[in-house]
Structure formats: C-alpha cells, structure tokens
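Using full-length UniProt numbering, you'd call the opening residue of the sequence shown number 1 and step up by one each time. Heads up: the structure comes next, in structure tokens.
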Amino acid sequence: MASSLDIEEAAAGATPAAPATPAHMVPLKGSMLVLGTIALSLATFMNVLDTSIANVSIPAIAGDLGVSSSQGTWVITSFGVANAIAVPLTGFVTQRFGAVKVFLASILLFTLFSFLCGQAHSIEILILFRVLQGASAGPMIPLSQTLLLSSYPQKRAGMALAMWSMTTLIAPILGPLLGGWITDNISWPWIFYINVPVGLIAAAVTASIYTRRETPIRKLPIDWTGLGLLVIWVGALQIMLDKGQELDWFSSPVIIALAVAAVVGFTLFLIWEIYDDHPVVDLTLFKIPSFTLGTIMLALAYGMFFGSLVLLPLWLQEFIGYTATQAGEVLAWVGLFALLLSPVIGRYLPVLDSRWVTTFSFIVFALVFYMRSQFTTGDSYWEYSIPTVIQGIATATFFIPLLGIILGGLPGHRIAAASGLSNFARITAGSFGTSIYTTWWADRADLHHEQLVSHIYAGSPVASPVIQGLQARGFSHEQALGVINRLIDQQAYTIAVDDMFRLSAWLFLAMIVLVWMIKPARGGAASAEAAGAH
C-alpha cells in the first residue's frame, strides 16, 4: 500500500504547482505598504522639488558668490544636464546592480551633494556639486515608480501610480514658493540643506523595507561608446536649450556648435545602440506601440504644461506687477483638484478605458489654455487663478492613465528601463517647452509691439491726446513717450502670451488623435492594471 507521502508526491507531480512569485514582486501589506509608499514619494518629491527650487534664488546666489546672474543660471543648467544624461541609464544600472541598491545609493548621494551644495563658497564648486547632485538624482524617479508598482497588487496599480503622480505634480509648483521664502527669510544654502533630513528619512525607511526585495542582477558589459555618445548629445542639447534665448539662438556660434554636436551625437548614438549587443539604453522598447505613443503624448503634453508653468509667472511678474509669491500662489491652485482627484482616478482606473480618461484630460487642458488666452492686463487675481484650479482636474486625469499606458503589460525586468526612457522624454520635453515658449513669446511680442507702435505718430488721434495729457501732468515729451512705450510693451507681451496659450489649446485637441491610435487594454480595462502585472 502506498504511503500518504507517496500519494502526496504523486499528486504534486500530476498537477504542476504555479510558479512562486519572486520575493521582490510580492505585494506589501498594512503599515509596510504605507511606509514604503511615503518613503518612495518623499524621495520623488525631494528630487522634483530640486529641479525648480533654485530658480527664484539665482539672484541671491549670484550676488553672494560675486558673479553675474547669467553665470548664476548655470546652477540650474548644470543640474538639468546631468539629470537628463543619468535618467535613461536607469535600466542598465538597475540590471547590473539591482533596483534597491541603485535607488538607495541615489538617495544617499543626492543627500550628500545637496549638503555640499549648501557648503559651496564659489560658483565653480557649487556647479560641480550640482552636476553630481543631478547625476545622482537620475535613477531616483524611474526606480521609485518601479519599486512602488512592485509593492502593490495588480488590481491596485492605478492607486500606486496616483500616489506617485501627486508628488510630481505638486513639487514643481511648491519649488519656487518654498525657494523664494527660504531665500528671503533664511539664506539660500537652506534650499539645499532641507534635502538632508528628508533624504536620510527616505533612505532609512526604504532600506528597512526594500533591502529584502532586491531585483535580479545581470553582470552586463558596460557600453562605454554608447555612454560617451549619450553624454555628448544630451549634454549639448540641454545646454543649447537652456542658453539659446540668452545667446540669441542660431546667431551665436556657440549655439550652432552645440546644435551640430547634438545632431551628430544623437545620430551616432542611435546607430550604435541599435546594433550593439549590450546597449546602455534599451531602444527596443520603442517597438511597443503603446509605449511609443504613450511616451510621445507624455512628452508633448508635459512640454506644454511645463512651458506654461514658466511663462505664466514670468508674465504676471514682469507685466502685471505680481510678486514672486503672488505668482506662485496663482500656480499653486493646480494642487487642489490634483490632490483630491488623483486617489479617486487611481482607484477606478482599472475599470475605465484609459483612452477616454486621457481624452477627457486633453479636453480640459484645452479649455484651461483657451481661458488663459482671454487674459487681459486688467483681470483680477481670481480671473488668473480659476483656469489653474480647473487645470488640477486635467493633471489628475492625465499622468495616471498615461503612465499606465506606457508601463502596461511590460515584464518586471523592463519596467525600470521603460520608466527611465519615458521620464527622459518628459524631462527633455520640459526643456524644449521652456525654450520654445519663452522664445516664441518674445518673438510674438516683438511683432505685436511693431503693430501697436505703428499707431503712434505725430498728429495721431489716438496718441496725441495721451501725450498731451502726460505733458500736462509734468512729463517731458521723451518721458511721455517712455510711458507709452511701457504700456505698449505690456499690451504686446499680453497679446503674445494669449497667442501661446491659444496655440496650446489647439495642440491639446489635436493630440486626441494620438490617444485613439492606442489599442484598448483587454476590453476597456485600464492599462494601469497591466502596469502592475510584472
């Protein structure tokens, strides 16, 4: 007679057991899930905050270190260039060293270099540490997505993405507000010192939870040629975009040289990475239609979002008379609905078609930009702020479904590379958006200025009474013309900013076509669920 042990063994052999879930993919539960989410979100928040917190502090930094404001802007450029180069390398370094080790090293190095930035006593040392800070920050955002998705069960992947997206929405807006307040009330080094406690807490909690969840490691050879070409073309492109407006674009030999280096470097990089056996960047991801289309939409929409994030406060401060704090308050209203709706969207996304959610988001974005295209110099605070309040609805329904589309259905070992590439596209598009918006705004303002000035001439029925009125109040003829020119500048830049917002509205509507080129995920189920299916 067979023993019970024999029977159990035979039964086990007759029906193969389901493969065990890898330890790093087992969902977290209870307090561990809450703490893990908070730690990953804190790291992301700290990272994204640092991309914008220094913007309003440049005059103070330049003055304290004894350099010009144009030299001071390298504090921003250096971080952006290093960050843009490091982000697409995430997939490679993750496979070679493990996601948890790379993420923890990224947090700790970022924290260390933040402290050293505050200690810098010369612009050269500050720029050096900003480069190192930006490079160490590169893998942090993609890997926070990767680790967060591995922490949640498949059906709650949308909620995981919602938690992550809230930090990336709020941090760029709080950056200038917080940076301005710290600079005005304490001193500029503290915009870097505040990262130290946040980074140490995030690293400690992450280590306590995720050390036992390390991802598989593959000892791949290093693609030094691909890495070198990546540094050349991304570095040249980022510096060109950051300095183009200041150097008058292609009238400058420096910008021309950077453009040539970017184009040639990118072409060689593309050829090398396609044919190399172990490329430093996995370009085969672009063979996946949903990843490619999702990344294109993320890049285009974020470029317009970030361009307006730069343009609106500039216009409010330079031509409406708002302070930096008041302009920041107008932008901060985007967080109201973004914070309220993101968890709701994340919860119900698995039962919705991501294409409909994204379409709704683009329609609301178009409405917001159309409302902004009606701005005048005489509008009230709330007339400037209401479109930003509504924009919170668009942002909550935009990032989450698009991240689901981009990462949906990918195996776990490709999530880090896909997240790195899509975030690289987003960061680069933000740089493009900033450069294009500010350049076109200035060009359109020049055009409108010429058109308005054509109405100012001797004997003009419009201008003459105004000039006479100003002279009657004690202004000289030249001073009166100066006042009128200032008013013309104000109106020209206002009409130009309306033009840019109107263009954005039409572009968001046009992008809806791209949304419906994506195939639905399993009969309308949101791609966010697939994103959790590692």
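All C-beta atoms, glycine included, are put in the ideal place defined by N, C-alpha and C. Computed from a predicted structure; not experimentally measured.
Cβ neighbours of A105 within its own chain (closer than 6 Å, five residues either side excluded): none.
With fewer than 16 neighbouring CB atoms inside 10 Å of its own CB, K219 falls in the exposed class. Between R347 and the set A43, T44, A60 and G158, the nearest pair of CA atoms involves G158.
The beta carbon of G226 lies closer than 8 Å to those of F269, W272, E273, D276, P279, V280 and V281 in the same chain, with the five residues before and after it left out. Within a 10 Å sphere around the beta-carbon of Q238 sit 16 or more other beta-carbons, which makes this residue buried.
By the neighbour-count criterion, in which 16 or more other beta carbons inside 10 Å mark a residue as buried, S419 falls on the buried side.
A check of alpha carbon separations from V34 across R473, L514 and Y210 identifies Y210 as the nearest. Taken in chain order, the whole alpha helix (DSSP H) runs of length 4 or more contained in the segment 428-484 are 463-472. The alpha carbon of T183 has as its nearest neighbour, out of D242, L230 and D64, the alpha carbon of D64.
Taking a contact as a CB-CB distance under 8 Å, the pair A62 and G72 counts as one, their CB atoms being some 3 Å apart.
Within the segment 190-231, the complete alpha helix (DSSP H) runs of at least 4 residues fall at 190-193 and 195-210. It is roughly 52 Å from the alpha-carbon of T494 to the alpha-carbon of G30.
For H121, the three-state secondary structure derived from DSSP is coil. Around the CB of V330, 16 or more other CB atoms lie within 10 Å, so the residue is classed as buried. Note on G180: 16 or more other CB atoms within 10 angstroms of its CB, so buried under the neighbour-count rule. Comparing alpha carbon positions, the residue from L487, A366, E124 and I436 closest to S68 is E124. One alpha carbon belongs to T395, the other to T37, and they sit about 21 Å apart. Residue environment analysis places H448 among the buried positions, since at least 16 neighbouring C-beta atoms fall within 10 angstroms of its C-beta. A distance below 8 Å separates the beta carbons of A505 and A366. DSSP, reduced to helix, strand and coil, places A261 within a helical segment of the structure shown. Sequence-distant Cβ neighbours of L283 in its own chain, meaning closer than 6 Å and more than five residues away, are E273. Of the other Cβ atoms in all chains shown, 16 or more fall within 10 Å of the Cβ of M511; this residue is therefore buried. Shown here, E246 sits in coil according to DSSP, grouped into three states, outside any helix or strand. With fewer than three CB-CB distances shorter than 8 Å, the segment 376-390 does not count as touching the segment 110-129. The Cβ-Cβ distance between I405 and I518 falls below 8 Å.
Taking the Cα positions, F291 is about 8 Å away from S422.
In this structure, DSSP gives A54 a state outside helix and strand, which the three-state scheme calls coil. DSSP places L352 outside both helix and strand once states are collapsed to three, so it counts as coil. Looking from the CA of T215, the closest CA among I320, F97, A162 and P172 belongs to F97.
Look at Q154 here: in three-state DSSP terms it is helix.
Taking a 10 Å sphere around the C-beta of T146, we find 16 or more other C-beta atoms and assign the residue as buried. Apart from the 5 residues on each side of it in sequence, L126 sits with its Cβ closer than 8 Å to the Cβ of I61, L65, V75, C117 and A120 in its chain, given in chain order. Rounded to the nearest angstrom, the Cβ distance from P401 to S354 is 4 Å, consistent with a contact under 8 Å. The closest CA to that of D499, considering only W315, P465, V344 and L410, is found on W315.
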